[in-house]
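Reviewing the structure listed below.
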Amino acid sequence: MSDILLQIDGKEVTAREGMTVLEAARAAGIVIPTLCYHEKLEPYGACRICIVEADMNGRKSLVASCVHPVEAGLIVRTTSEQIHRIRKTIVELLLAHAPDSVQLQALAQQYGADKDYYEKQASFCIHCGLCVRYCTEIKKKNAVGFVDRGTRREINFVPHLAAQECWNCKECFPLCPTSYLQAAYVLVEALTIPQPPFKVAAGR
Amino acid sequence: MPRLQSPEALESIRKELASKRDSQRPCISVCAGTGCIAAGAGEVIAAFKAEIEKQGLQADVDTKGTGCPGFCERGPVVVIYPEEICYLQVKPQDVVDIVSQTIKEKKVIDRLLYVDPTTKAKAVRESDIPFYRNQRRTIIGNNIKIDPKSIEDYLVIGGYTALAKVLFAMTPEQVVEEVKTSDLRGRGGAGFPTGKKWEGARNAPGDTKYVIVNADEGDPGAFMDRALLEGNPHSVLEGLIIGAYAIGAHEGYIYVRQEYPLAVENVTLAIKQAEEYGLLGKDILGSNFDFSVTVHRGAGAFVCGEETSLLMSLEGKVGEPRTRPPYPVTKGLWGKPTTINNVETWANVPLIINGGAEAFSSVGTEGSKGTKIFSLVGKVNNTGLVEVPMGITLRDIIFEVGGGIPGGKKFKAVQTGGPSGGCIPEAHLDTPVDFDELTRVGAIMGSGGMIVMDEDTCPVDVARYFVEFLTDESCGKCVPCREGIRQMHTILTAITTGKGKEGDIQRLEHLAEVTSTASLCALGKSAPNPVLSTLRYFRDEYEAHIKEKRCPALSCKELIAYHIDPEKCQACMICLRKCSAGAIVGGKNQIHVVDQDKCTKCGTCFEVCPPRFGAVQKISGEPVPAPLPEAERTTVRKANTNE
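Residue numbers (this note's numbering), protein chains in the order written: chain D, 4 to 207; chain E, 841 to 1483.
Here it is in structure tokens:
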């Protein structure tokens, strides 16, 4: 593993081969916002809030820093007017789902995002996939996964796995930025865990 | 069939096959592509076989189901050789006449010929029909000449000569160089230089490499790749084997969608035949080069046409894109260097090898060489597959090859590149077909979908349609694509249903910027193109929808009303009887009135009102005139006045 020299926001940064731009930036104390990133999990590149400008030999492109590998001579800019605009829109799109998320509210303040700019959506899941990936990669249980695709994509517990694995784990709960996961769990719990039969109250 | 052990053996079998064929022997070729099969070609072929047997002509006449020649509008298409007489829309009941008159008496049957809609001139030969005459059919032209289920047919027309040439007369580097010199660009849509891609995979470190045919054609209304894979599977296979030799791959995959059963069947059979002939498998033609191909059926996700999603799907994972870099040429299938090309790109390769890079690049423009196949559909007279030289203008494709717009309507726009492409208006019709020129006007070349729209088409609704398609077909992984498409769809639906608000256009522009720049893969990056291009050329129509609640094309149902002009209505009761909603009030000698509360806006009254009356009107953006008071509705029809 050799050292790689690159530049982030005008600062010379040394990184190891195989690192991502986000890791290199964090190691150098440069902050890039993230939502779907988690240091214990494989980079996912889905929320795109960590977008930065990568300039390789004059060829500029916008890339997700959490998945973009470091390269020698790469010049990275973590902020620009366009990057600010993109992050603002991403936060606004997610606020349409989860206006009460503390994490999103903090980002909204930072980027001047308006939670009412886009039409409200029924589901408050923002599809960061933290629960799904944590369960797959760390716990290796696959008790929660994505179903369907496109705008119908949702997370869902697999009922028979959830009934066996989840009740004494729930390690994914604190990862969820919107508490949609807990709601989904309540549903699967109601479906899978036998409930005591309803008793009709005496006298009625 | 013993496996061929040398290029000489291939040539001798080719000569032997050719010598058994008499070019003067009558042959009835019926298109057996999916389109013509759906129009009844199967029955037509069966009827020919039965009739020929009945008339005792089996020994003198061949009957063959062939690949798709492209004129799907007029299928089933029958071509009779050696005269090349072309009959269109042939039905089983026409077969007796064809056999007894054309085959036996060499008489042409007038009623089955192509008639030019303007000059009324009839065309006897295929090449006389303007639809074909204005094309340059180097790839798809062979389809009608061969039975796609017969490798012998392909060998007779010179098949696998290019393969023999590269294996015995060229080094892999020379093959890469030849393809580079030809300036062939990928026909899947993005137009990446094929030779450069091959070079990347050839130079990538590693012993195991793969080549893949991307036959996951998904654009609505596009079927170029299907027609090639169905109609001439060996040409694609030959290109693939050559590519494998060039980059050093010994395994290949054909990723084809399950919805193309005939393509799957024909290409699977082609692989089997090529293996039997020693053109695939171990030690091809005695050259020591080994290569095998597997057909992989995709489950029909649009996003799997995107190369990294295709790789995920091939590996048995969920079809979602992965991040590039690394690019597939260095880390593709199972992490190995992989070349993925579109069906049409592969089919171009044997042509380049046989004819030379220079001959290939002599056709086309500075930046785009060779020909391109389009599926020309929508509001155009001659729908079907067309192959044209790069550099031809859109106007020539639509008006010369396509025969213009039906029903005397005005041309409005053409959408190239499907959901990733853009709408090009009349003002840019002289744009040449060229990767860069089409991008410059806000569309893309795409894989070859070309949808023609007339004055009755609402561009806002077109944008809504394509975005709606993508709400289902986005994989849903990244935020800009999933949420951007969701919100664009919500806004476009609101605009087309009269609920558009001030600021909606600006919101669309914000979403388009973010979706096109921040999405993970090409699906998201190109998803806003239909919105951006219609905004660019038809902004006034967006504004009319939002501000005046008016659809200028009179197409958006929620924004139009049907009204019967009392001055013109002859109380003929045609519309009254045809209205399925019972929304037309009136009777004999009673001027008809549309009950707006009951009207479902199906448009039937508008269509059935005799043109000489023209009483039913579509109105938008203005109040429906109040109906005549009932007492004034009695009318006496002109024809009845003499009674």
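By construction, the Cβ of each residue, glycine as well, lies at the ideal position given by its N, Cα and C atoms. Predicted model, so just to flag it, every value in this text is computed and none were measured.
Member of the options whose CA lies at the smallest distance from the CA of residue i
i, options, result
"V1456 (chain E)", "E:A1421, E:T1475, E:I1414, E:G1427", "E:I1414"
"L850 (chain E)", "E:A1253, E:G1461, E:I991, E:D900", "E:I991"
"D1505 (chain E)", "E:S1202, E:G1289, E:T1170, E:G1083", "With chain E covering only 841 through 1483, there is no way to say anything about residue 1505 (chain E)."
"L38 (chain D)", "D:D12, D:N60, D:I78, D:Q108", "D:Q108"
"E95 (chain D)", "D:I52, D:D12, D:L8", "D:I52"
"V793 (chain E)", "E:S1202, E:T1134, E:R1162, E:I1284", "Look at the range of chain E in this structure, 841 to 1483, and you will see that residue 793 (chain E) is not part of it."
"V1302 (chain E)", "E:T1337, E:A1421, E:C1263", "E:C1263"
"Y994 (chain E)", "E:L1278, E:Y1117, E:K1252", "E:Y1117"
"F1239 (chain E)", "E:L1399, E:L1216, E:P1320, E:K1049", "E:L1216"
"Q85 (chain D)", "D:L65, D:G76, D:H71, D:L133", "D:L65"
"A1401 (chain E)", "E:K1408, E:K1441, E:K1418", "E:K1441"
"E45 (chain D)", "D:E56, D:I54, D:M22, D:G32", "D:M22"
"I925 (chain E)", "E:Q941, E:D1312, E:E913", "E:Q941"
CA-to-CA distance, residue j to residue i, given in whole angstroms
i, j, result
"T17 (chain D)", "V1016 (chain E)", "38 Å"
"G115 (chain D)", "L1351 (chain E)", "16 Å"
"V939 (chain E)", "N1222 (chain E)", "27 Å"
"V1371 (chain E)", "K123 (chain D)", "21 Å"
"M1010 (chain E)", "V901 (chain E)", "41 Å"
"T874 (chain E)", "N974 (chain E)", "24 Å"
"H100 (chain D)", "W1038 (chain E)", "44 Å"
"K144 (chain D)", "C175 (chain D)", "12 Å"
"Q106 (chain D)", "A1423 (chain E)", "55 Å"
"G13 (chain D)", "R80 (chain D)", "8 Å"
"H1403 (chain E)", "R1280 (chain E)", "43 Å"
"K1020 (chain E)", "G1210 (chain E)", "13 Å"
"P909 (chain E)", "V1307 (chain E)", "32 Å"
"V34 (chain D)", "E26 (chain D)", "10 Å"
"Q167 (chain D)", "N1182 (chain E)", "46 Å"
"N1369 (chain E)", "L1125 (chain E)", "47 Å"
"T1205 (chain E)", "E1277 (chain E)", "10 Å"
Anticipated Cβ contact below 8 Å, residue i with residue j, distance rounded
i, j, result
"T978 (chain E)", "L1191 (chain E)", "6 Å"
"P1272 (chain E)", "G1231 (chain E)", "5 Å"
"V1107 (chain E)", "A1084 (chain E)", "Incorrect: roughly 16 Å between the Cβ atoms, too far for contact."
"L1269 (chain E)", "L1310 (chain E)", "Between L1310 (chain E) and L1269 (chain E) the Cβ distance is about 27 Å, and since that is not below 8 Å, they are no contact."
"P1320 (chain E)", "I93 (chain D)", "7 Å"
"V932 (chain E)", "C871 (chain E)", "Note that residue 932 (chain E) corresponds to Pro in the displayed sequence, not to Val. 15 Å between Cβ atoms; not a contact."
Residue i at chain D interface by Cβ criterion, 8 Å
i, result
"E913 (chain E)", "no"
"T1481 (chain E)", "Annotation note: pLDDT 44 at T1481 (chain E) (below 50); position unreliable, coordinate value reported separately. No, because no Cβ of chain D sits closer than 8 Å to the Cβ of T1481 (chain E)."
"H1350 (chain E)", "yes"
"V1371 (chain E)", "no"
"D1056 (chain E)", "no"
"C1315 (chain E)", "yes"
"Q1346 (chain E)", "no"
"R1322 (chain E)", "yes"
"V1300 (chain E)", "no"
Residue-chain proximity (residue i, chain E), Cβ-Cβ < 8 Å
i, result
"T139 (chain D)", "no"
"L65 (chain D)", "yes"
"V189 (chain D)", "no"
"A49 (chain D)", "yes"
"I93 (chain D)", "yes"
"T154 (chain D)", "yes"
"V70 (chain D)", "yes"
"I35 (chain D)", "no"
"Y40 (chain D)", "no"
"H130 (chain D)", "yes"
"L97 (chain D)", "yes"
"I7 (chain D)", "no"
"I78 (chain D)", "no"
"E56 (chain D)", "no"
"I89 (chain D)", "yes"
"C121 (chain D)", "Checking the sequence, you will find Tyr at residue 121 (chain D) rather than Cys. It does; some Cβ of chain E falls within 8 Å."
- Item | alpha helix (DSSP H) runs contained entirely in the region 88–167 of chain D, provided each spans 4 or more residues | If we require 4 residues or more, the alpha helix (DSSP H) runs fully inside the region 88–167 of chain D come out as 105–114, 133–136.
- Could you give the uninterrupted runs of the alpha helix (DSSP H) lying entirely in the region 1072–1105 of chain E, keeping only those of 4 residues or more? Listed in chain order, the alpha helix (DSSP H) runs fully inside the region 1072–1105 of chain E are 1073–1087, counting runs of at least 4 residues.
- alpha helix (DSSP H) runs wholly inside the region 1153–1206 of chain E, at least 4 long, in chain order: Every alpha helix (DSSP H) of 4 residues or more that sits fully in the region 1153–1206 of chain E is shown, in chain order, as 1183–1195, 1197–1201.
- Segments assigned alpha helix (DSSP H), at least 4 residues, entirely inside the region 1328–1406 of chain E: Those alpha helix (DSSP H) runs which fall completely within the region 1328–1406 of chain E and span 4+ residues are 1344–1358, 1362–1366, 1369–1387.
- Item | Runs of beta strand (DSSP E) wholly within the region 871–922 of chain E (minimum 3 residues, chain order) | Taking only runs of at least 3 residues, the beta strand (DSSP E) segments lying wholly in the region 871–922 of chain E are 902–906, 918–921.
- Can you give, in chain order, each stretch of the beta strand (DSSP E) that sits fully within the region 920–994 of chain E and has at least 3 residues? Those beta strand (DSSP E) runs which fall completely within the region 920–994 of chain E and span 3+ residues are 925–927.
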